[in-house]
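The sequence shown begins at 1 in full-length UniProt numbering and counts up one residue at a time. Heads up, the beta-carbon is just placed ideally off N, CA and C, and yes, glycines get one too. The structure under discussion appears below in the form of structure tokens.
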Amino acid sequence: MATTDHISAVDVNNYDYVIVGGGTAGCVIASRLAEYLPRMKILVIEAGPSDYQDDRILLLKDWLSLLGSQEFDYDYGTVEQPMGNSYIRHSRAKVLGGCSSHNTLISFRTFEYDCKLWESMGCKGWDFETFTRLADNLRNTIQPVHLRHRNQLCKDWVESCSTALKIPVVEDFNKEIREKGKLTECVGFFSISYNPEDGRRSSASVAYIHPIISGDEKRPNLTILTNAWVSRVNVKDDTVTGVSLTLKSGEKLTVNAKRETILCAGSVDTPRLLLLSGIGPQKQLSSLSIPVVKDIPGVGENLLDHPETIIIWELNRPVPPNQTTMDSDAGIFLRREAPNAAGFDGDAADVMMHCYQIPFCREVAPGPNLTTDEELSEYGRRVAHTVYHPAGTTKMGDVLNDPYAVVDSQLKIRGLKKVRIADAGVFPTMPTANPMVTVLTIAERAAELIAEEAGWRREAPRL
């Protein structure tokens, strides 16, 4: 089968499941639902083009050319901030596979600490054992950077870090996490979701959708609609009926889901879509003259990200080309000055977490002078930017006791029927390391939860 830019008005009522967003999570859910529920018809809607056989996207070495690309990147910007870097470009993928077609594919399993923290916040069933089982089941090819791709400068850096900080070199971070639930002090090369033989991505689309497009896997019950923009989630009597969209041709359609609508547009565009549909904080919606369909205070709140500060050294030889967590939260859409918003009050924990590694880097490659904590903090804030890991804007939690929890542990939106969210927006807190594998595992679990309600049963593990 191939992707399509068109569906007919006759077909808009024929789908059992409608998935909004063919990104990292959406590709997984679409593939798994088509596999688990062969009698159900599934539609996945992606606003961008297909990545199939497009080496501009698939060749990992060219990833930097995708950032800011008019064709493949929404390239959102931030408004000026009261402290630190005044403008940050926030790259968001506009292509099948989402950010897994757009990023560097650094792949860390979810830490046990993060799982326990999520469970303590009402995310029942999202324990470390479940995350481990799901990660073991991923279709992506994830492995440490291959020896042929380890340039000498990076190898020297790893050895220097090990020597200067007296920590061991570890070959496989994910093996450590799987066995211990965490990483102890160590240094090494990332695991990457790629094929080292040809340097191409093993993104969500490559691993889960390309075998269907190529015909290697038969999924006649799956339709992959590309270049289609969803503008509204439609609700009647607290039940989500489907979505309104515009095709590449300009034709506007309303697609209805017989069973469920699953929102996988990411932690920026899922809450944006909900807010434009009148689903979100009543006060904010009213101030923007958006009719309130459902008052859900947490939509668009609790923005989380991994910040990054650049440290520059002067080198005595050429460099091979190479194209952590905030405690205080922030809103993402309606500009405001919350008293505890990250970056506004100079939150001490945020600043310490962000800047404390600068002195360690100087142990490996010292600067002319070791400056004070205050000077490091000032520098860190002013050059800080994002690592493109926004999350938490439709967080999962105890919807009975936490008014800012948007979805419950089944990923169902509070107060609404026949709708779920499955993307990085459901993170209640930021995972310790790069979040792509966590998004993939959330999508795997979402597909199981949805299919189980339709009568599918997961096979018991073989002993």
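Tell me whether residue 453 is buried or exposed, calling it buried when 16 or more other Cβ atoms sit within 10 Å of its Cβ. As a position in the sequence shown, residue 453 is number 453, starting the count at 1. Flag for residue 453 reads exposed.
Evaluate residue 250 with the Cβ neighbour count: other Cβ atoms within 10 Å of its Cβ, from every protein chain shown; 16 or more gives buried, anything less gives exposed. As a working mapping, residue 250 is identified with position 250 in the sequence shown. Exposed, because fewer than 16 other Cβ atoms sit within 10 Å of the Cβ of residue 250.
So what does DSSP say about residue 22, is it helix, strand or coil? The residue given as residue 22 occupies position 22 in the sequence shown. Coil, per DSSP.
Bounding residues of the alpha helix (DSSP H) (the contiguous stretch that carries residue 166): Taking the first residue of the sequence shown as position 1, residue 166 is located at position 166. Here residue 166 belongs to no alpha helix (DSSP H), and DSSP marks it neither H nor E.
Going by other Cβ atoms of all chains shown within 10 Å of its Cβ, with 16 needed for buried, is residue 271 buried or exposed? Taking the first residue of the sequence shown as 1, we reach residue 271 at position 271. Flag for residue 271 reads buried.
Counted within 10 angstroms of its Cβ, other Cβ atoms place residue 79 as buried (16 or more) or exposed: Counting from one through the sequence shown, the residue named residue 79 turns up at place 79. An exposed status is given to residue 79, since fewer than 16 other beta-carbon atoms sit within 10 Å of its beta-carbon.
Residue of 264, 416, 157 and 406 minimising C-alpha distance to residue 19: Counting from 1 along the sequence shown, the entry for residue 19 is found at position 19. Ranking 264, 416, 157 and 406 by Cα distance to residue 19 puts 264 first.
By DSSP, does residue 144 sit in helix, in strand, or in coil? Taking the first residue of the sequence shown as 1, we reach residue 144 at position 144. Three-state result, residue 144: strand.
Backbone secondary structure at residue 306 - three-state DSSP: Along the sequence shown, read from residue 1 onward, the residue named residue 306 stands at position 306. Residue 306: coil per DSSP, three-state reduction.
Going by Cα to Cα distance, which pick from 99, 47 and 255 is closest to residue 66? Against the sequence shown, residue 66 aligns to sequence position 66. If we check each option's Cα against that of residue 66, 99 comes out closest.
Can you tell me where the beta strand (DSSP E) with residue 174 in it begins and where it stops? Residue 174 sits at position 174 when you count from the first residue of the sequence shown. It is not in any beta strand (DSSP E) - residue 174 instead sits in the alpha helix (DSSP H) that spans 173-180.
Report yes or no: is there a C-beta of chain C within less than 8 angstroms of the C-beta of residue 291? In summary, chain C is missing from the structure at hand, where a single protein chain is found.
Given 8 angstroms as the limit, is there contact between the stretch 428-446 and the stretch 92-112, that is, 3 or more CB pairs closer than that? yes
Using a threshold of 8 angstroms, state whether the C-beta atoms of residue 28 and residue 448 are closer than that. Sequence index remark: in the sequence shown, residue 28 carries index 28 (1-based). Sequence index remark: in the sequence shown, residue 448 carries index 448 (1-based). No, Cβ-Cβ distance for residue 28 and residue 448 is not below 8 angstroms.
Using only alpha-carbon positions, find the residue among 398, 214, 168 and 403 that is nearest to residue 3. Position 3 of the sequence shown, counted from the start, is the residue given in the question as residue 3. Looking from the CA of residue 3, the closest CA among 398, 214, 168 and 403 belongs to 214.
Going by alpha carbons, who is nearest to residue 176 out of 164, 407 and 190? For the purposes of this step, residue 176 is taken as the residue at position 176 of the sequence shown. Nearest option by C-alpha distance: 190.
Using a Cβ-Cβ cutoff of less than 8 angstroms, which residues in the same chain neighbour residue 227 once the five nearest sequence positions on both sides are dropped? On the sequence shown, position 227 is the one that residue 227 refers to. Closer than 8 angstroms at Cβ, skipping near neighbours: 5, 46, 47, 48, 49, 247 and 248.
Would you give the residue range spanned by the beta strand (DSSP E) that residue 259 belongs to? Position 259 of the sequence shown holds residue 259. 252-263 is the span of the beta strand (DSSP E), which, as asked, contains residue 259.
For residue 391, does the three-state DSSP call read helix, strand or coil? The residue you call residue 391 lines up with position 391 of the sequence shown. It is a strand residue.
Could you have a look at residue 237 and say whether DSSP puts it in helix, strand or coil? Working through the sequence shown from its first residue, we reach residue 237 at position 237. Note: residue 237 maps to coil in three-state DSSP.
Shortest alpha-carbon distance to residue 122 belongs to which of 438, 136, 428 and 173? By 1-based counting over the sequence shown, the position of residue 122 is 122. Considering only alpha carbons, the answer is 428.
Kindly indicate which residue of 23, 22, 455 and 8 has the alpha-carbon position closest to the one of residue 259. Along the sequence shown, one-based indexing puts residue 259 at 259. Ranking 23, 22, 455 and 8 by Cα distance to residue 259 puts 455 first.
Measure the beta-carbon distance from residue 230 to residue 253 and round it to whole angstroms, keeping in mind my assumption that it falls under 8 angstroms. Within the sequence shown, the letter at position 230 stands for residue 230. Within the sequence shown, the letter at position 253 stands for residue 253. Not quite, the Cβ-Cβ distance comes to about 10 angstroms (not below 8 angstroms), so this is no contact.
Going by alpha carbons, who is nearest to residue 53 out of 96, 160, 372 and 422? For the purposes of this step, residue 53 is taken as the residue at position 53 of the sequence shown. The shortest Cα separation from residue 53 among 96, 160, 372 and 422 belongs to 96.
Between the stretch 144-154 and the stretch 115-130, do three or more beta carbon pairs fall short of 8 angstroms? no
I'd like the list of long-range same chain contacts for residue 75, defined as Cβ closer than 7 angstroms, with 5 residues on each side in sequence excluded. Residue numbering aside, residue 75 sits at position 75 when the sequence shown is read from its first letter. If we look at residue 75 and ignore the five residues flanking it on each side, its Cβ neighbours are 68, 89 and 91.
Determine, using beta carbons only, whether residue 416 and residue 446 come nearer to each other than 8 angstroms. Residue 416 sits at position 416 when you count from the first residue of the sequence shown. Residue 446 sits at position 446 when you count from the first residue of the sequence shown. Not closer than 8 angstroms, so no.
So the alpha helix (DSSP H) residue 133 belongs to, where does it begin and stop? One-based indexing of the sequence shown puts residue 133 at position 133. Looking at the DSSP string, the run of the alpha helix (DSSP H) that includes residue 133 is 128-136.
Residue 25 vs residue 42 beta-carbon contact at 8 angstroms: Position 25 of the sequence shown, counted from the first residue, corresponds to residue 25. Position 42 of the sequence shown, counted from the first residue, corresponds to residue 42. Their beta carbons are not under 8 angstroms apart, which means residue 25 does not touch residue 42 by this criterion.
Closest by C-alpha distance to residue 408, when choosing among 298, 165, 137 and 130: Here residue 408 refers to the residue found at position 408 when the sequence shown is read from its first residue. It is 298.
I'd like to know whether the C-beta atoms of residue 261 and residue 418 end up nearer to each other than 8 angstroms. The residue labelled residue 261 in the question sits at position 261 within the sequence shown. The residue labelled residue 418 in the question sits at position 418 within the sequence shown. A contact, by the Cβ cut-off of 8 angstroms.
Residue ranges of each beta strand (DSSP E) within the stretch 385-443, 3 or longer: As far as the stretch 385-443 is concerned, its whole beta strand (DSSP E) runs of at least 3 residues are 419-421.
Less than 8 angstroms between the beta carbons of residue 210 and residue 305, yes or no? Taking the first residue of the sequence shown as position 1, residue 210 is located at position 210. Taking the first residue of the sequence shown as position 1, residue 305 is located at position 305. Here residue 210 is not near residue 305, since their CB atoms are 8 angstroms or more apart.
With DSSP collapsed to three states, give me the class of residue 158. As a first step, residue 158 is located in the sequence shown; it is residue number 158 there, counting from the start. Helix.
Taking the alpha-carbon positions, what's the residue 174 to residue 199 distance? Along the sequence shown, read from residue 1 onward, the residue named residue 174 stands at position 174. Along the sequence shown, read from residue 1 onward, the residue named residue 199 stands at position 199. Whole-angstrom Cα-Cα distance: 20 angstroms.
Which two residues bound the contiguous beta strand (DSSP E) that contains residue 222? Within the sequence shown, the letter at position 222 stands for residue 222. Where residue 222 is concerned, the enclosing beta strand (DSSP E) stretches over 222-225.
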